[in-house]
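Peer 1:
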Amino acid sequence: MTKPLDGRITLVTGASRGIGYAAAKALAAAGSHVIAVARTQGGLESLDDEIKALGGTCSLVPMDLRDFDQIDRLGGLLNDRYGRLDGLLCNAGVLGDITPANHVTPKDWMRIIDVNMTAPYRLIRSLDPLLRVSDAGRAVFMTSSVARAPRAYWAAYAASKAGMETFVRCWAEEIADITKIRVNLLNPGGTDTQMRAKAMPGEDKSTLPTPYDVAPLIAEMLGPDYTAHDTLVSYRDWAKAQAE
Ligand code: NAP
1 MTKPLDGRIT LVTGASRGIG YAAAKALAAA GSHVIAVART QGGLESLDDE
51 IKALGGTCSL VPMDLRDFDQ IDRLGGLLND RYGRLDGLLC NAGVLGDITP
101 ANHVTPKDWM RIIDVNMTAP YRLIRSLDPL LRVSDAGRAV FMTSSVARAP
151 RAYWAAYAAS KAGMETFVRC WAEEIADITK IRVNLLNPGG TDTQMRAKAM
201 PGEDKSTLPT PYDVAPLIAE MLGPDYTAHD TLVSYRDWAK AQAE
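The numbers in the numbering used here rise by one with no breaks, and the one at position 96 of the sequence shown is 96.
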């Protein structure tokens, strides 16, 4: 039986847990080979086991996305091995401390900006040539409502997502007419993950969607049939439309 993503190669950052983990499984179940990036070896290995159990395939890339030179090397390795990339899910993220803006430490600032904004830029720089080779390159970048609706005590995270969004949208404008790549932003909304538990301690998790609720939308957005470009997709709106 053919699957919608058969033969495709998709790179997922932040694949060791949370939304990235569930998305990687959904992509593999849909037939894509998954290149799974994160620091935590144990999380990646458990993903590999689960994907194999589904009959899918996965390559593990344990790495720190703050090692920007390694992002460049990753592009070279993928070029040597596959010569193209069909999908990029730029999902890895860090929240940092929820704290007044004038209390954000320089160390935390750099970590948040590195992972949430600079790594997406470096991934675009490294992987754009490979996405161009695909017959239908797709890229999805995970964002948050605070990028456009600033909230007290979320300054560093909000700024990092706003900066990432703007960089991605400029890239999307540049490539719209001259490539087949389609690029979109996705706001999952509050989702039951480690990050959300840190942001909202004490919240009743049973009210939240799980990463496995969000994952099918991500797999859809990374498929060749998804032709929207330069849009901001809301998981909540998508789920509402699905329920109607
Ligand atoms: P999570 O459970 O905390 O997972 C974050 C992922 O990012 C992990 O796999 C982590 O892997 C990876 N990561 C963090 N720092 C990294 C680094 N330096 N190098 C490589 N990988 C790194 O978060 P999540 O809730 O699934 O969030 C996924 C995305 O959705 C994020 O971009 C987040 O901002 C966005 N988002 C989430 C929510 C929500 O409610 N959950 C809402 C809005 C937006 P390692 O630690 O193994 O490296």
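From the three backbone atoms N, C-alpha and C, an ideal C-beta is built for every residue, glycine too.
Check for me: the alpha helix (DSSP H) holding Gly18 runs from which residue to which?
Peer 2: Segment 18-29, the alpha helix (DSSP H) holding Gly18.
Peer 1: In or out: Cys58 buried (at least 16 other Cβ within 10 Å) or exposed?
Peer 2: Buried, by the Cβ-count rule.
Peer 1: Check whether the Cβ of Ala15 lies closer than 7 Å to any heavy atom of the ligand NAP, and answer yes or no.
Peer 2: At least one heavy atom of the ligand NAP is nearer than 7 Å to the Cβ of Ala15, so yes.
Peer 1: Name, in chain order, the residues that DSSP records as bridge partners for Thr10.
Peer 2: In the DSSP output, where bridge partners are listed per residue, Thr10 has Val34, Gly87.
Peer 1: Return helix, strand or coil for Met195, following the three-state DSSP convention.
Peer 2: Three-state DSSP puts Met195 in a helix.
Peer 1: Jot down the residue ranges of each uninterrupted alpha helix (DSSP H) in the region 195-236, minimum 4 residues, whole runs only, in chain order.
Peer 2: Complete alpha helix (DSSP H) runs here, min 4: 211-221.
Peer 1: Roughly how many whole angstroms lie between the Cα atoms of Leu44 and Lys25?
Peer 2: Answer to the nearest angstrom: the Cα atoms are 11 Å apart.
Peer 1: Any heavy atom of the ligand NAP closer than 7 Å to the Cβ of Ala92?
Peer 2: The answer is yes for Ala92.
Peer 1: Determine the direct distance from the alpha carbon of Val34 to that of Lys52, and round the result to whole angstroms.
Peer 2: So the two alpha carbons sit approximately 11 Å from each other.
Peer 1: Name, in chain order, the residues that DSSP records as bridge partners for Arg138.
Peer 2: Arg138 is bridged to Gly87, Arg182.
Peer 1: Under 7 Å from any heavy atom of the ligand NAP, does the C-beta of Thr10 make it?
Peer 2: Because no heavy atom of the ligand NAP lies under 7 Å away, the Cβ of Thr10 does not count as near it: no.
Peer 1: Distance, Cα to Cα, Val12 vs Ala101?
Peer 2: Going from the Cα of Val12 to the Cα of Ala101 covers about 31 Å.
Peer 1: List the DSSP bridge partners of Cys58.
Peer 2: Answer by DSSP bridge pairing, in chain order: Val34.
Peer 1: In chain order, what residues of the same chain lie with their CB nearer than 7 Å to the CB of Ala29, ignoring the 5 residues before and after it?
Peer 2: Excluding residues within five positions, the ones whose Cβ falls inside 7 Å are Leu54, Gly56.
Peer 1: Roughly how many angstroms lie between the CA atoms of Lys205 and Asp192, to the nearest whole one?
Peer 2: In a straight line, the C-alpha of Lys205 is about 6 Å away from that of Asp192.
Peer 1: Am I right that Gly256 and Pro201 are in contact with their C-beta atoms under 8 Å? What's the rounded C-beta distance?
Peer 2: Residue 256 lies beyond the range of the chain shown here (1 to 244); nothing can be said about it.
Peer 1: Determine the direct distance from the alpha carbon of Ala15 to that of Ser134, and round the result to whole angstroms.
Peer 2: Using only the alpha carbons, I get a separation of about 22 Å.
Peer 1: Count Cβ pairs between the region 108-119 and the region 179-191 that sit closer than 8 Å; are there 3 or more?
Peer 2: The answer is no - the region 179-191 does not touch the region 108-119, with fewer than three Cβ pairs under 8 Å.
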